[in-house]
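Numbered per the numbering used here, the sequence shown spans residues 5 to 194.
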Amino acid sequence: GHVDGRKPALDKDIDQDGHAKWEVKDAQIMAWILGSVESNFILNLRPFNTAAEMWNHLKKLYSHTNTARRFLLEHELANLQQGSLSYVQSVYETTKRDQFLMKLRYEFESTKSNLMNRESVPSLDTCLNDLFREEQQLLTQNIMEQQKSTSVPMAYAAQGKPKGRDMITVQCFYCKGFGHYASNCSKKIL
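Have a look at this one:
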């Protein structure tokens, strides 16, 4: 209501609180308008005291239906080029690359940082190529670490104390009993 004039200022003498609230709201809308226009237009809006006055001024300037101007703008937009791609294609490719990089898992953070900090941010294909190489390196590291961790116990087992003979199968030459040698035979000592 402030912008189109449907909510005019309340009379200050009749309703001071209502008028103060209206002024605050109007100031917020004026700030929004000033923040929305290009900086070279702001000076043109200084003489206006309300959001409705600012809006009406802008409406007078820009609401003309100028078919020739509209056609020219649409023609320029259609012919915008960036390199070999149209501007729209370029923006789409850039957005697709950025969305892809934003969704990468944490282990690819350093590669993403390297890609984004280059002089010119590479294409999605280049990013994919670098990330595939990084993924292969991470997989190789994981395999090597797994092999290292599984080979360590085996090395200790191989280097452990040599296993002695099973004493159950050892037979004493003196008493012909099992489980000991003749040198340790209890019958021989007696």
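Where a beta carbon is used, it is the ideal one built from N, C-alpha and C, also for glycine.
Own chain residues within Cβ distance below 6 Å of Y91, not counting five before or after:
What you label residue 91 is simply residue 87 of the sequence shown in a count that begins at 1. Cβ neighbours of Y91 beyond the five flanking positions: L84.
Can you give the Cα-Cα distance for L142 and M120, rounded to whole angstroms?
Translated into positions along the sequence shown, residue 142 becomes position 138. Translated into positions along the sequence shown, residue 120 becomes position 116. Looking at the two C-alpha atoms, the distance is approximately 20 Å.
If the criterion is Cβ atoms closer than 8 Å, does the pair H6 and A72 meet it?
Locating residue 6 in the sequence shown gives position 2, where the first residue counts as 1. Locating residue 72 in the sequence shown gives position 68, where the first residue counts as 1. Contact flag unset, no.
CB-CB length for L128 against R101, believed under 8 Å:
Taking the sequence shown and counting its residues from 1, one reaches residue 128 at position 124. Taking the sequence shown and counting its residues from 1, one reaches residue 101 at position 97. About 4 Å separates the two Cβ atoms, so the contact holds.
Using the beta-carbon count (16 or more within 10 Å), is T250 buried or exposed?
For the chain, the structure presents residues 5 to 194; residue 250 sits outside this window and is missing.
Where does S127 sit, in a helix, a strand or coil, going by DSSP?
Here residue 127 is taken as the residue at index 123 of the sequence shown, counted from 1. DSSP places S127 in coil when its eight states are reduced to three.
Taking the alpha carbon of N10 as the point to measure from, which residue in D17, D30 and G181 has its own alpha carbon closest?
The residue you call residue 10 lines up with position 6 of the sequence shown. Asn is not the amino acid found at residue 10; the sequence shown has Arg there. Checked all of D17, D30 and G181; the closest Cα to R10 is D30.
For the pair the stretch 108-119 and the stretch 135-150, tell me if three or more CB-CB distances fall below 8 Å.
yes
Whole angstroms is fine: what's the gap from W59's alpha carbon to F45's?
Residue mapping note: residue 59 aligns to position 55 of the sequence shown, counting from 1. Residue mapping note: residue 45 aligns to position 41 of the sequence shown, counting from 1. Taking the straight line from one Cα to the other gives about 13 Å.
Helix, strand or coil: how does DSSP classify F182 here?
Position 178 of the sequence shown, counted from the first residue, corresponds to residue 182. DSSP places F182 in strand when its eight states are reduced to three.
I need the boundaries of the alpha helix (DSSP H) containing R122, first residue and last residue.
By 1-based counting over the sequence shown, the position of residue 122 is 118. That residue, R122, is in no alpha helix (DSSP H); it is neither H nor E in DSSP.
Which value, in whole angstroms, describes the spacing of the CA atoms of S40 and N146?
For the purposes of this step, residue 40 is taken as the residue at position 36 of the sequence shown. For the purposes of this step, residue 146 is taken as the residue at position 142 of the sequence shown. Whole-angstrom Cα-Cα distance: 53 Å.
Buried versus exposed call for W36 [16 or more other C-beta atoms within 10 Å across all chains shown]
As a working mapping, residue 36 is identified with position 32 in the sequence shown. Per the 10 Å Cβ criterion, exposed.
What is the DSSP secondary structure of W90, counted as helix, strand or coil?
What you label residue 90 is simply residue 86 of the sequence shown in a count that begins at 1. According to the sequence as given, residue 90 is Ser; it is not Trp. It is a strand residue.
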